[in-house]
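*Asks:*
Numbering (this note's numbering), first residue to last: 5 to 107.
And the structure:
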């Protein structure tokens, strides 16, 4: 299994949805757990990287594990061993660059 680097590349926030659907409205702001530039290393198995968001881990684990096992996403992606994934929070999603590392 290859190691996989998970990098936070963007955080979004949709205040109009927050105001409409969340108890605290737009005051909640974007994700508080992760920040752009955060990096994590996945070593294999099902163990979530330290300080990673548990909800986001559930959302991206399948893609992370597939890259660790050598999955290829060419011709859809320009670079092999790379995926762009996100958590499923529709109001404050976090976008990740997930890339397998050479052995």
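Just so you know, even glycine gets a beta-carbon here, dropped at the ideal spot from N, CA and C.
#1: So what does DSSP say about residue 135, is it helix, strand or coil?
#2: Which residues in the same chain as residue 22 place their Cβ atom closer than 7 Å to its Cβ, once the five residues preceding and following it in sequence are excluded?
#3: Counting C-beta neighbours from all protein chains within 10 Å, is the total for residue 104 16 or more, i.e. buried, or is it exposed?
#4: Would residue 17 and residue 64 be called neighbours here (beta carbons separated by less than 8 Å)?
#5: Residue 71 to residue 102, Cα distance in whole Å?
*Replies:* Taking the definition as stated:
#1: Only positions 5 to 107 of the chain appear in the structure, and residue 135 is not among them; the question remains open.
#2: Taking the first residue of the chain shown as 1, we reach residue 22 at position 18. Only 29, 30, 32 and 95 meet the Cβ criterion.
#3: In the chain shown, counting from the first residue as 1, residue 104 sits at position 100. Buried, by the Cβ-count rule.
#4: Translated into the one-based positions of the chain shown, residue 17 becomes position 13. Translated into the one-based positions of the chain shown, residue 64 becomes position 60. The answer is no: Cβ separation not under 8 Å.
#5: Within the chain shown, the letter at position 67 stands for residue 71. Within the chain shown, the letter at position 98 stands for residue 102. Cα to Cα, residue 71 sits roughly 8 Å from residue 102.
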